[in-house]
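Participant: This structure is in structure tokens; I'll ask about it shortly.
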Amino acid sequence: MLAILSVLLLYLFNPVFGVWYQNVYCSISESCECDFKPHIRDLEWDLYKNVYGQHLAQDIVSEEVAKFLQNKSPERPLVLSFHGSSGTGKTMVSSMLGNHLYSSAMSSPYVHQFVPTLHFPLPDRVKEYREELKSWVRGNLTECARSVFFFDEMEKMPPGLIDVLEPFLGPSHVVFRTNYRKAIYVFIGTSGEEVINRVALENRQAGQEREDIQLDHLQEAIAQAVYNSTTSGFFQSSVIQQKLITSFVPFLPLSRRHVERCVRSQLCQRGSCGRTDVVEAVGGDMLYTPAQGQYFSTTGCKAVPAKINLFL
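In this text, residue positions in the sequence shown follow our numbering: the first is 488, and each later residue adds one.
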């Protein structure tokens with residue numbers, strides 16, 4: 488009997504057996520821990536290779552995600568809030584995050600996306616939406632502590648709705664009988680773009696390098712801007728008051744060279760890397776602001792696919 492027990496213990500403490508057991512378990516289980524396979528190095532590479540002109544976003548996202556996942560017992564969830572003009576890469580970065588966290592990428596049942604115009608279209612039903620959102624988040628956290636929640640178009644989110652998430656975002660140890668502190672929340676919107684664009688413009692006019700813009704120049708200013716804006720889902724929000732956002736992530740306006748990099752990348756995806764004529768044509772056909780200087784694209788890279796179709 489002692490010999491049998493010794494053999495069992497040997498197998499249990501053998502790393503190879505542990506891997507085998509995990510593989511067998513995941514082959515018959517739908518546990519989110521089996522699908523949750525974060526590849527932080529791949530995320531970092533994707534950010535630095537395919538996101539243009541966003542040194543702040545690249546650094547913040549890669550650093551905050553790595554730090555959060557390395558902590559086996561985080562004190563609170565990771566809460567990121569993306570801000571900036573349309574076409575600057577906010578949606579792209581959020582997709583990269585989802586793609587590199589789960590083996591089934593953005594199609595994972597544990598990655599949840601909310602769009603106000605689709606999920607919360609009627610302002611007079613905020614009370615009802617609050618109960619639905621609270622129930623939805625609680626249910627998904629109970630099923631999977633590693634759930635990821637994306638809230639897009641925050642500038643269209645009915646004010647007061649997002650505050651129902653406050654209990655999920657704080658440092659409490661037990662909420663709704665689940666370890667909700669391992670979840671990730673990402674809010675995405677254009678609110679605060681005026682602050683970000685003004686800092687970028689002042690930097691450019693002063694002849695400084697884009698990389699000289701630091702996060703501490705923008706963090707508190709963005710928080711105040713979205714808190715005081717009536718067109719923000721964070722208008723007078725307790726989430727802002729209680730400082731439950733881990734980091735406000737600024738996306739800077741894009742210059743012509745960044746737009747042309749977007750064009751070149753998309754052309755390569757279509758097998759037309761050598762079409763420098765199209766790169767120059769699309770870059771020159773974009774609208775830039777301000778009138779004096781023409782520094783930044785008014786639509787970022789958002790209009791690039793349509794423009795490529797026009798000039799190919």
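Each residue gets a CB set at the ideal place from its N, CA and C atoms; glycine is no exception.
Tell me where the beta strand (DSSP E) around residue 600 begins and ends.
Facilitator: Taken as a continuous stretch (DSSP letters only), the beta strand (DSSP E) holding residue 600 covers 598-601.
Participant: On a CA-only basis, which of 596, 616, 595, 597 is nearest residue 605? Give me that one, please.
Facilitator: It is 616 whose Cα lies nearest to the Cα of residue 605.
Participant: Buried or exposed: residue 794, going by 16 or more other Cβ atoms within 10 Å of its Cβ?
Facilitator: Result: buried.
Participant: I need the DSSP call for residue 552, collapsed to helix, strand or coil.
Facilitator: Helix.
Participant: Return yes when the Cβ of residue 713 is within less than 8 Å of the Cβ of residue 700, no when it is not.
Facilitator: No; because the gap between Cβ atoms is not below 8 Å, this pair is not in contact.
Participant: Report the partner residues of residue 676 according to the DSSP bridge assignment.
Facilitator: The partner list for residue 676 (beta bridge, DSSP) reads 570.
Participant: Would you call the segment 596-611 in contact with the segment 764-777, where contact means no fewer than 3 C-beta pairs closer than 8 Å?
Facilitator: No contact exists between the segment 596-611 and the segment 764-777.
Participant: Report the residue from 671, 750, 742 whose alpha carbon sits nearest the alpha carbon of residue 798.
Facilitator: It is 750.
Participant: Is it buried or exposed for residue 559, if we count other Cβ within 10 angstroms and need 16 for buried?
Facilitator: Residue 559 comes out exposed.
Participant: What does the alpha-carbon distance come out to for the pair residue 563 and residue 637?
Facilitator: Residue 563 and residue 637: Cα-Cα distance of roughly 17 Å.
Participant: Can the beta-carbon of residue 583 be found less than 8 Å from the beta-carbon of residue 530?
Facilitator: For residue 583 and residue 530, yes; Cβs fall inside 8 Å.
Participant: Out of curiosity, what's the CA-to-CA distance linking residue 683 and residue 640?
Facilitator: Taking the straight line joining both Cα atoms gives about 17 Å.
Participant: Would you decide whether residue 627 is buried or exposed? Buried here means 16 or more other CB atoms lie within 10 Å of its CB.
Facilitator: It counts as buried.
Participant: Just to check my reading of the structure: residue 542 and residue 587 have Cβ atoms closer than 8 Å, yes? What is that Cβ distance to the nearest angstrom?
Facilitator: Contact doesn't hold; Cβ gap of about 19 Å is too wide.
Participant: Closer than 8 Å is the cut-off here; do at least three beta carbon pairs connect the segment 669-684 with the segment 758-765?
Facilitator: Judged by Cβ distances under 8 Å, the segment 669-684 makes no contact with the segment 758-765, as fewer than three pairs qualify.
Participant: Pull up the distance between the alpha-carbon of residue 653 and that of residue 707, whole angstroms please.
Facilitator: Looking at the two C-alpha atoms, the distance is approximately 20 Å.
Participant: Determine the closest residue to residue 594 out of 718, 747, 522, 565, with distance taken between C-alpha atoms.
Facilitator: Ranking 718, 747, 522, 565 by Cα distance to residue 594 puts 522 first.
Participant: By alpha-carbon positions, which one of 767, 705, 570, 553 ends up nearest to residue 719?
Facilitator: Minimum Cα distance to residue 719 is reached at 570.
Participant: Could you please give me the residues that DSSP links to residue 765 through a beta bridge?
Facilitator: The partner list for residue 765 (beta bridge, DSSP) is empty, contrary to what the question assumes.
Participant: Please determine, among 688, 532, 537, 789, the residue with the shortest C-alpha to C-alpha distance to residue 781.
Facilitator: Answer by Cα proximity: 688.
Participant: Just the Cα atoms here: how many angstroms apart are residue 536 and residue 575?
Facilitator: Taking the straight line joining both Cα atoms gives about 15 Å.
Participant: Judging by CA-CA distance, which residue of 779, 679, 649, 696 is the nearest neighbour of residue 716?
Facilitator: Nearest of 779, 679, 649, 696 to residue 716, Cα basis: 679.
Participant: May I ask you to report which of helix, strand or coil DSSP gives residue 523?
Facilitator: Residue state, collapsed to three classes: strand.
Participant: Can the beta-carbon of residue 736 be found closer than 8 Å to that of residue 656?
Facilitator: Contact flag unset, no.
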